[in-house]
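Engineer: Take this structure first; my questions come after.
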Amino acid sequence: MGRHYLYPGTLFAHRDPHLVTTVLGSCVSVCLWDSSARVGGINHYLLPLWNGDGLPTPKYGNIAIAKLIEKVQALGAGSKLVAKVFGGASMWEKTDGLLAIGQRNIELAMELLDQHRIPVVGRDVGGPAGRKIIFHTGEGTVLLKRQRALGAGD
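Reminder that position 121 of the sequence shown reads as 307 in this note's numbering, one-by-one numbering, no gaps.
Written as structure tokens, this is what we have:
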């Protein structure tokens, strides 16, 4: 089985099963999987919206989610597509302020998945701690380990 480390601002989808690892703070990863086609993909975005300046890269949620949907559909995913969403921690920012990037990233994922009629069947989002996830693209399973929150015993 292939292994892949997913860096921030990137996405991964492949016809062959892979274990894809990434580490999330305020960033969000959307894992898509289709049980009929047995294909999956994952993204890791840093900010919710591309504002039109520069290149439309998967660093932005609205670009990353659209591109991920396109990639898994090109691999044969169809009506059985489901999502799992992870990340969006409020690591350093105030959760009620303008800098609540984690919360804005979560809200964007839920909104866009709903618009695309892709059900969210699992999630572990928000809170003060980061996460490490390993997504199995051939089975749709995710292993999760929460990282220690900042200020917890420091």
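Ideal Cβ placement from N, Cα and C applies to all residues, glycine included. Bear in mind the structure is a predicted one, so any value in this text is a computation, not a measurement.
On the DSSP bridge assignment, give the partners of residue 219 in chain order.
Structural biologist: DSSP lists 226 and 268 as the beta-bridge partner residues of residue 219.
Engineer: When you compare each of 290, 264 and 197 to residue 221 by their alpha carbons, which one comes out closest?
Structural biologist: 264
Engineer: Specify the secondary structure class of residue 290 as computed by DSSP and reduced to three states.
Structural biologist: Residue 290 sits in a helix when the DSSP states are folded into three classes.
Engineer: With 16 as the cutoff for other CB atoms within 10 Å, does residue 334 come out buried or exposed?
Structural biologist: exposed
Engineer: On a Cα-Cα basis, can you pick out the residue from 212, 251 and 245 that is closest to residue 311?
Structural biologist: It is 212.
Engineer: Can you tell me whether residue 218 is buried or exposed, with buried defined as 16 or more other CB within 10 angstroms of its CB?
Structural biologist: buried
Engineer: Could you have a look at residue 318 and say whether DSSP puts it in helix, strand or coil?
Structural biologist: strand
Engineer: Where do the ends of the beta strand (DSSP E) carrying residue 205 lie?
Structural biologist: 204-210
Engineer: With contact counted as at least three CB pairs below 8 Å, one residue from each stretch, are the region 309-324 and the region 192-204 in contact?
Structural biologist: yes
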